[in-house]
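Chains as they are written, first to last, in full-length UniProt numbering: chain F, 1 to 326; chain Z, 1 to 226.
The beta carbon of each residue, even a glycine, is placed where N, CA and C say it ideally should be.
Owing to the predicted nature of the structure, the values given are computational and were not obtained by experimental measurement.
Presented below is the structure to which this report refers.
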Amino acid sequence: MSRAPARKARPARGNAPPIHTRFQAWGVNHAQALVFSLGRLYRNPFGAALTLAVIAIALALPSGLWLALKNLQAASGDWDHGAQLSVFVADSVTDSALAQLAGRIQALEAVERAQPLTREDALAEFRALSGFGEALDLLDHNPLPALVLVTPVPAHQGPAEVQALARQLEALEGVTQAQVDMQWVQRLQALLEMTRRGVVLVAILLGLGVLLVVGNTIRLDILNRRREIEVAKLVGATNGFIRRPFLYGGLWLGLFGGLLALFIVGLALVLLNGPVQQLAALYGSDFRLQGPGFSGALGLLGTAVALGLGGSWIAVGRHLREIEPQ
Amino acid sequence: MIQFQNVVKRYPGGQEALSQVSLRMDEGAMAFLTGHSGAGKSTLLKLIALIERPTRGQITVNGQHLNTLPRRKVPYFRRGIGIIFQDHHLLHDRSVFDNVALPLVILGYRRPEIARRVRAALDKVGLLHKEKAQPVTLSSGEQQRVGIARAVVHKPAILLADEPTGNLDPALSREIMELFLQFNQVGVTTLIASHDLELITTLGKPILKLHAGKLVHAEPQPEIAP
């Protein structure tokens, strides 16, 4: 080693390379830490596989539930368009007046179709569909009112618009009541909303689980490399330098866990799509299962990476400080 | 270069490892630190490298007042110091080359420069041909020399060694000590803790003697003022 005698006290950074080299080296250092932490996973395949499986399942469960919900909403969205109003008409209105009323309703901007149903029509339909036809024979007069079945135009299918239309129709002469036949749709929506909340809760809990799993894995990794950390600190490694490979380790766990979770969700979709289509066909629908889509997949991966980094950040912040050379 | 003023180090539990130690080593000086086990040799070295902080008293090393040096600056301070341990603290999951390269990687040198400097350091300790070997395959004398190469590879201003010849036979010990003399000749301030009085008295460098945490004896004293 050739070295000129030092003449005065060097500053602590005196033996560092020039700034541009150090800046380049900083990038190289990050790249090395990235590859190095990947290599660590590769060298410990069994442990890594176990950890990844836990992370993947914890991520796949809420993702799968979310997808199921999304599909249910899509399916029920079709039924929304079936919103119908039954406009009951006073018994005093004659059949011809009923036809005129239907014509007036049909002329409204919000109405797509208005079908008049005289008292006799209503009785015939009831007899045909309810199965209580014989009971009706015991009555000496027709108890059913005449009505107009109103289907709003698609732009007026929303609950608020339909309610407004109902009020408008009730104001017409001869109309006793306009009843909205969408209660069951509203009930389903409320049920779906409740389920959505539940899925969010499950997702938060499982996300926390992923955070802890990654945190614990990185913690064990840190404890296993205690000696290396001590030596690095002795020769002047900053906390940032020591932290880096562990943080990237968490990042890899998150990324691969997320990819595995996507695979699990995709597999479940493929397995379920056939039966679902069969079921839909029985209802006369050509409904198919929707996948997470590009943005959904990206969101899942992003969340997974963030959880991995977050978990390792917690472990690293807590444990690296404790390890000092003895 | 290294200055202690009335330094006291008391470990938790009340045991006083150093009491009222004052000493001064100028830049480029070399000295040996001796005394029984438990006399405070390791503690003194640890205080210089900021592995421990003093309970009382002032320490100045390499122009830095250690009492006021904040925690985040400790890594940069340590880069000016090379430390050698009796058990050499090598990492067994990587080659000799990678062990020696560690300080340079931390400092941010580029790969070709790292290779050049690591080979120069290994050449200096006579282990150039072992750069690809794993530390466990080396003899303890060779392992110690890898430890020395790692301590000097980044050209620190100060070299500290804690019983560097503790496990070695007399011939190997002398070889190691002569290495330290050579580093000192090129200007590295060198402080070596050793209880091998027989060896160090023949080397013509000042000897500081610690007894029960007190500096009791220093001879000769051209560069040292206890």
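In DSSP terms, what residue 51(F) is bridged to:
None; residue 51(F) has no bridge partner.
Report the residue from 35(F), 75(F), 68(F) whose alpha carbon sits nearest the alpha carbon of residue 286(F).
That would be 75(F), whose Cα lies nearest to the Cα of residue 286(F).
Report the three-state DSSP secondary structure of residue 244(F) (helix, strand or coil).
Looking at residue 244(F) - three-state DSSP - the assignment turns out to be helix.
Quick one: which residues of the region 64-90 of chain Z get their C-beta closer than 7 Å to a C-beta of chain F? List them in chain order.
64, 75, 76, 77, 78, 79, 80, 83, 89
What does residue 135(Z) reach in chain F if we use C-beta pairs closer than 7 Å?
The contacting residues do not exist; residue 135(Z) stays about 12 Å from chain F at best.
The region 106-139 of chain Z: positions lying closer than 9 Å to chain F by Cβ
106, 107, 108, 109, 110, 111, 113, 117, 120, 121, 123, 124
Verify the contact flag: residue 88(Z), CB atom, against every heavy atom of the ligand COA, threshold strictly below 7 Å.
As far as ligands go, the structure on display features none, and thus does not contain the ligand COA.
Got a sec? Which residues, its chain only, sit under 8 Å from residue 290(F) by beta carbon, not counting five neighbours each side?
67, 70, 71, 74
Residues sharing a beta bridge with residue 77(Z), DSSP:
BP columns for residue 77(Z) are empty, so no partner.
Please classify residue 204(F) as buried or exposed, where buried requires at least 16 neighbouring CB atoms within 10 angstroms.
exposed
Under the three-state reduction of DSSP, which class applies to residue 1(Z): helix, strand or coil?
coil
Touch test, the region 6-26 of chain Z against the region 291-301 of chain F, Cβ-Cβ under 8 Å, three pairs minimum:
No, the region 6-26 of chain Z is not in contact with the region 291-301 of chain F.
With 8 Å as the threshold, decide whether the Cβ of residue 237(F) is near any Cβ in chain Z.
By this cut-off, residue 237(F) is an interface position.
Could you give the first and the last residue of the continuous beta strand (DSSP E) run that contains residue 353(F)?
Limits of chain F in this structure are 1 at one end and 326 at the other, which puts residue 353(F) out of reach.
State the beta-bridge partners of residue 295(Z) as determined by DSSP.
Coverage of chain Z is limited to positions 1 through 226, which leaves residue 295(Z) absent and any answer about it impossible.
Where does residue 162(Z) land, buried or exposed, given buried means 16+ other C-beta within 10 angstroms?
Under this definition residue 162(Z) is a buried residue.
Give me, in chain order, the residues of the same chain whose beta-carbon lies closer than 7 Å to that of residue 125(Z); leave out the 5 immediate sequence neighbours on both sides.
Sequence-distant partners of residue 125(Z) (beyond 5 residues in either direction) whose C-beta falls short of 7 Å from its own C-beta, in its chain, are 145, 148, 149, 179.
Residues of chain F with a CB under 8 Å from the CB of residue 51(Z): which are they?
234, 324, 325, 326
Between which two residues does the alpha helix (DSSP H) harbouring residue 113(F) extend?
Counting along the chain, residue 113(F) falls outside any alpha helix (DSSP H), though it belongs to the beta strand (DSSP E) covering 111-117.
Between the CA atoms of residue 116(F) and residue 123(F) - distance to the nearest angstrom:
13 Å
Does DSSP classify residue 20(Z) as helix, strand or coil?
strand
Can you find at least 3 beta carbon pairs, one from the region 255-272 of chain F and one from the region 23-36 of chain F, that sit closer than 8 Å?
no
Would residue 164(Z) and residue 31(Z) qualify as a contact pair, given that the criterion is a beta-carbon distance under 8 Å?
no
Buried or exposed for residue 132(Z), please, with buried defined as at least 16 other CB atoms from any protein chain shown within 10 angstroms of its CB.
exposed
Evaluate residue 190(F) with the Cβ neighbour count: other Cβ atoms within 10 Å of its Cβ, from every protein chain shown; 16 or more gives buried, anything less gives exposed.
It is exposed - the Cβ of residue 190(F) has fewer than 16 other Cβ atoms within 10 Å.
Using a threshold of 8 Å, state whether the C-beta atoms of residue 309(F) and residue 242(F) are closer than that.
no
Would you decide whether residue 239(Z) is buried or exposed? Buried here means 16 or more other CB atoms lie within 10 Å of its CB.
The question about residue 239(Z) has no answer, for chain Z in this structure spans 1 to 226.
What does residue 172(Z) touch in chain F if you count any residue whose Cβ is under 7 Å from its own?
Correct list: empty, because the minimum Cβ distance to chain F is about 20 Å.
Where residue 177(Z) falls, given that 16 or more other Cβ within 10 Å makes a residue buried:
buried
Which value, in whole angstroms, describes the spacing of the CA atoms of residue 194(Z) and residue 142(Z)?
19 Å
Quick check: is the beta carbon of residue 54(Z) nearer than 8 Å to any beta carbon in chain F?
no
Proximal residues of chain Z, C-beta to C-beta of residue 313(F) below 7 Å
Within chain Z, no C-beta atom comes less than 7 Å from the C-beta of residue 313(F); the nearest is roughly 18 Å away.
Supposed contact pair residue 89(F) and residue 114(F) - C-beta distance, whole angstroms, cut 8 Å:
About 12 Å; that fails the 8 Å criterion.
Out of 138(F), 145(F), 272(F), 169(F), which has the shortest C-alpha to C-alpha gap to residue 109(F)?
169(F)
Closer than 9 Å, Cβ to any Cβ of chain Z: which residues of the region 18-29 of chain F, in chain order?
21, 22, 23, 24, 25, 26, 28, 29
Helix or strand or just coil, what does DSSP make of residue 36(F)?
Residue 36(F): helix per DSSP, three-state reduction.
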